[in-house]
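*Asks:* Going by the numbering used here, the first residue of the sequence shown is number 5, and it counts up by one from there.
Note that beta-carbon positions come from the ideal geometry of N, C-alpha and C, so glycine has one too.
Keep in mind that this is a model prediction, so the values were computed, not measured.
If you scroll down you'll find the structure; I have some questions about it.
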Amino acid sequence: MIEQAKNFSIYFERTSDWEKFAKEKLLPSTSAYIAHFGSMEKAKKEVGIEKIKTRKNYTKEELTKIALENKKYFTTEKQWDSHVKNHNLPRHKAYINAFRSWKKAKSEILGKT
Numbered sequence: 005m006i007e008q009a010k011n012f013s014i015y016f017e018r019t020s021d022w023e024k025f026a027k028e029k030l031l032p033s034t035s036a037y038i039a040h041f042g043s044m045e046k047a048k049k050e051v052g053i054e055k056i057k058t059r060k061n062y063t064k065e066e067l068t069k070i071a072l073e074n075k076k077y078f079t080t081e082k083q084w085d086s087h088v089k090n091h092n093l094p095r096h097k098a099y100i101n102a103f104r105s106w107k108k109a110k111s112e113i114l115g116k117t
């Protein structure tokens, strides 16, 4: 199992990427790795993938710029998260943290256009 994950480690870094890739290539699923190692984090460590903290504390100005650049998707929390997950952009919770609510974030940001 480890050798398979090492051979395709670029897909193994993100659980969702591995799940899709493994299904296409008939490789062990994330469930199999979790059952064997106890968690995906432990499996990734065995493969040599260290957990990297990528969370960034965005300023209101940065969040506003990002939202306006992606305004088409800045409608609902669900639509926003669906859009940003593959674009390395902050999820809706970053907006809630900065603006105190999704509604206030939308009001402040979209009111500036």
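#1: Taking 8 Å as the threshold (C-beta atoms), are H87 and Y99 in contact?
#2: Counting pairs of beta carbons, one from the stretch 60-74 and one from the stretch 33-43, are three or more of them closer than 8 Å?
#3: Taking its Cβ as the centre, do 16 or more other Cβ atoms sit within 10 Å of T3, making it buried, or is it exposed?
#4: For T117, I'd like the list of residues in its chain whose CB is within less than 8 Å of its CB, leaving aside the five on either flank, ordered along the chain.
#5: Straight-line CA distance for A26 to Y15?
#6: With DSSP run on the structure shown, which of helix, strand or coil describes T34?
*Replies:* On the basis of the supplied data:
#1: No, the pair does not count as a contact, with Cβ atoms beyond the cut-off.
#2: Judged by Cβ distances under 8 Å, the stretch 60-74 makes no contact with the stretch 33-43, as fewer than three pairs qualify.
#3: Since the displayed the chain opens at 5 and closes at 117, residue 3 lies outside it and no answer follows.
#4: Caution applies to T117, whose pLDDT of 48 falls short of 50 and renders its modelled position unreliable; the model cannot decide the point.
#5: Per the coordinates, the alpha-carbon of A26 lies some 9 Å from the alpha-carbon of Y15.
#6: DSSP places T34 in the helix class (H, G or I) of the three-state scheme.
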